[in-house]
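Numbering (the UniProt record's numbering), first residue to last: 1 to 81. All residues carry an ideal CB built from backbone N, CA and C; glycine is no exception. Below you'll find the structure, written out as structure tokens, and then a few comments.
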């Protein structure tokens, strides 16, 4: 899974709703989060960041970061020998 962070030019909840509607249907998107204070969209999943930018041209999207998503520490514990 990959995590992509994009900067957008969004100003209100109506823009936020439109952004989420535009990218939620893309194949490979597992989760989306919009930070209105920082005008950032975080997408997690096997989605191409270029495809996200193309869908969000209206909001002048630009890629800030793209890399592996952090995995939660859970069931797999290390055993000492």
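Residue i - DSSP class collapsed to helix/strand/coil
i          : result
residue 43 : strand
residue 68 : strand
residue 35 : strand
Outcome for residue i when other beta-carbon atoms lying within 10 angstroms are tallied against a minimum of 16
i          : result
residue 63 : exposed
residue 20 : exposed
residue 10 : buried
residue 83 : This structure cannot speak to residue 83, because the chain is shown only from 1 to 81.
residue 46 : exposed
residue 4  : buried
Whole-angstrom distance between residue j and residue i, CA atom to CA atom
i          : j          : result
residue 41 : residue 35 : 6 Å
residue 70 : residue 14 : 30 Å
Residue span of the alpha helix (DSSP H) that contains residue i, given as start and end
i          : result
residue 20 : 13-24
residue 52 : 49-55
heavy atom of the ligand PLP below 8 Å from residue i C-beta
i          : result
residue 34 : For the ligand PLP, the structure offers nothing, since it holds no ligand at all.
Limits of the unbroken beta strand (DSSP E) element including residue i
i         : result
residue 2 : 2-7
Inter-residue CB distance, residue i and residue j (contact presumed, cutoff 8 Å)
i          : j          : result
residue 29 : residue 55 : The Cβ separation is near 10 Å, so there is no contact.
residue 44 : residue 1  : 6 Å
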